[in-house]
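The structure appears below as structure tokens.
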RNA sequence: GGGGGCGUAGCUCAAUUGGUUAGAGCGCUGCCCUGUCACGGCAGAGGUUACGGGUUCGAGCCCCGCCGCUCCCGCCA
């Protein structure tokens, strides 16, 4: 070994030992006579001292010439720092290594951005960080994220093993099953004109594994979706993928609660309280206007449909007459909202097809609002009571069909919470995690444009047993055995109990979803066939691993917990991918390009 | 596909709203400095204001286009 200790190891107990440290030059303080060099490695940093009275001139000059991030090996004696020079900011701050030898293992050019200053480095343009990702990852903050990710992956594997699960790898060269997310395609050289698809998830394989009698499967699986990116979405991402046989929903809830308790304990030393709360899809929409509610704060939606059914304010009563609802939220203390903020909220509402956004500012004892003149006394009294209106409040209304009205206010609720947080009026402790299960989703949703039903989750989701009889007669009222796990307004994962009966699965494909039998056969024939030979009842779930790590690390972008992420346009700035390929490669793959060429590489 | 934000020195930002030679801190280079840890001091180098057009006597600033990064909508069974 080139070193005897790592850079976060030496303490006063090591006094007098001759040690060797290896690492990067974190910072150098040249006082002319004496030089201090902090050596940093993965574990931490240690101060080394170069004193000219103890050293050959040449060695001292070499130390003086070192730049940030040069790679060195320093040998010397551990000594306790002189009184008054202890650095309490670092764990090794009581000691230093009096260098007797210096080996420069590699010199470093001047860096494109600093890695030693967390203040500056965290503000550096992400473009630059991605291009020089290896430098970005040297920063202790980023190294911490990767380390936490690794620890959680290990804890997950250990927990799942203890619960009797087998980790089984499934193919990444899969078959195109164009349902749901757009797929990445991989042309086949050996089979001209044919393509693999990268899996959006191992969904079908894990169900087949249940038919195969594995009973308990899990995988920390890479998944691929060719959709537009977001702060929490990458084209390739990682799921903790799980499937079990002979179970009900309750078994999944218990398993995942156990897993998350273990993970939170491992990563943050936090004891989560289980069982988690459960909320139905309807209630989530009614109270929070979203199917992944952030319950760390109130501002819940309140229904005023009955109060405005006979109102003289036609905008509201008319909506009710058309089968719609009237809902409102009280953004406590936000009467100070600027016109710009109100405009932004109105735009949100309009984005959902609303004509505008009705509001009341409660300021100076007055209700300031363009619509309040239309309200009767009874209506005002009801608002005051049900919304607990006080001075300084901002009331916002949505009148629309139920789902739309809920979703409008759901978005506005989050927007208002963001403003209140920035104003310091809403404070949420960083270590608060509101977990909940969202259940009783509708199995099907209706696509007006295509005039057909589609699966809210995916077509393998089993209906709730007592609703199954309505599949053909009243699809709308059928609830799915689907569940989402949500924390702090983030969808961490979801899953369902699957259909294990071939006939029911065929009915869903062909009669409910109206997929032609030939197409069903083409896409899912092998699954239906597998189900002929004894498929056990089964169900599962997938957790977004990147999102989970981001939450644990307290970052809003999953790019901060992925070693080599892609940009919003799906490119890698470090390797400059995707890139053009040679005509030879294309010929092998039986592919001809129609897109105009950009910087074709030299023929290989 | 649509909308918003950003792009000025290696990095982070400024430039009095269209007016002299585009500045500061950090970093870098050189010199000085024996207890620093954001070391300190002195001096210096460093700019096609992303790129391409246009308006103007004059553009970092206004207009058009384009590229890149980012956030959101659509999309993500």
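Numbering (this note's numbering), first residue to last: 209 to 812.
Just so you know, even glycine gets a beta-carbon here, dropped at the ideal spot from N, CA and C.
Asked: Whole runs of the beta strand (DSSP E) within the segment 482-567, excluding any shorter than 3 residues; Found: 485-488 and 533-539
Asked: When 642, 336, 684 and 314 are compared against residue 661, the one with the closest alpha-carbon; Found: 684
Asked: Meets three-Cβ-pair contact criterion under 8 Å: the segment 641-651 and the segment 597-608; Found: no
Asked: Cα-Cα separation between residue 498 and residue 800, rounded to whole angstroms; Found: 45 Å
Asked: Start-to-end residues for the beta strand (DSSP E) that takes in residue 284; Found: 279-288
Asked: Rounded straight-line distance, which links the Cα of residue 728 to that of residue 620; Found: 41 Å
Asked: C-beta contact flag for residue 229 and residue 293 at 9 Å; Found: no
Asked: Three-way DSSP call (helix, strand, coil) for residue 810 in this model; Found: Residue placement at residue 810 cannot be trusted, given a pLDDT of 35 that sits under 50; what the coordinates show is reported in the next sentence. If DSSP states are grouped into helix, strand and coil, residue 810 belongs with coil.
Asked: Nearest residue (CA-CA) to residue 569, options 414, 585, 558 and 546; Found: 546
Asked: Coarse secondary structure for residue 314, derived from DSSP in three states; Found: strand
Asked: Between the CA atoms of residue 383 and residue 407 - distance to the nearest angstrom; Found: 8 Å
Asked: Helix, strand or coil at residue 338 according to DSSP, with G and I counted as helix; Found: helix
Asked: Residue burial classification, residue 427 (beta-carbon count within 10 angstroms, cutoff 16); Found: buried
Asked: Burial state of residue 435 (16 or more Cβ within 10 Å); Found: exposed
Asked: Stretch-stretch touch, CB-based, cutoff 8 Å, three pairs: the segment 648-658 with the segment 625-639; Found: no
Asked: Residue interval of the beta strand (DSSP E) (run including residue 257); Found: 253-258
Asked: Cβ contact check for the segment 247-260 and the segment 305-321: 3 or more pairs under 8 Å; Found: yes
Asked: Coarse secondary structure for residue 677, derived from DSSP in three states; Found: helix
Asked: Cα-Cα separation, residue 735 to residue 793; Found: 34 Å
Asked: Member of 341, 559, 562 and 367 whose CA lies at the smallest distance from the CA of residue 474; Found: 367
Asked: Segment contact, 8 Å Cβ cut-off, at least three pairs: the segment 580-588 with the segment 504-524; Found: yes
Asked: Nonlocal neighbours in the same chain, by C-beta distance under 7 Å from residue 549, ignoring five residues either side; Found: 627
Asked: Whole-angstrom distance between residue 244 and residue 274, CA atom to CA atom; Found: 11 Å
Asked: Test item: CB-CB of residue 730 and residue 667 under 9 Å; Found: no
Asked: Helix, strand or coil at residue 209 according to DSSP, with G and I counted as helix; Found: coil
Asked: Assigned secondary structure, residue 333 (DSSP; H/G/I helix, E/B strand, else coil); Found: coil
Asked: One or two residues paired with residue 229 in a DSSP bridge; Found: 282
Asked: Residues near residue 500 in its chain [Cβ-Cβ closer than 8 Å; skip 5 each side]; Found: 492, 646, 692, 694, 697, 698 and 699
Asked: Residues bridged to residue 662 (per DSSP); Found: 653
Asked: Simplified DSSP state of residue 265, which is helix, strand or coil; Found: helix
Asked: Spatial neighbours of residue 339 in its chain, beta-carbon cut-off 7 Å, leaving aside the 5 residues before and after; Found: 781 and 782
Asked: Range covered by the beta strand (DSSP E) that runs through residue 446; Found: 444-453
Asked: The segment 360-375 contacting the segment 761-779, beta-carbon criterion three pairs below 8 Å; Found: no
Asked: Rounded Cβ spacing between residue 374 and residue 424 (contact assumed at less than 8 Å); Found: 6 Å
Asked: Residue range of the unbroken alpha helix (DSSP H) whose run includes residue 796; Found: 791-796
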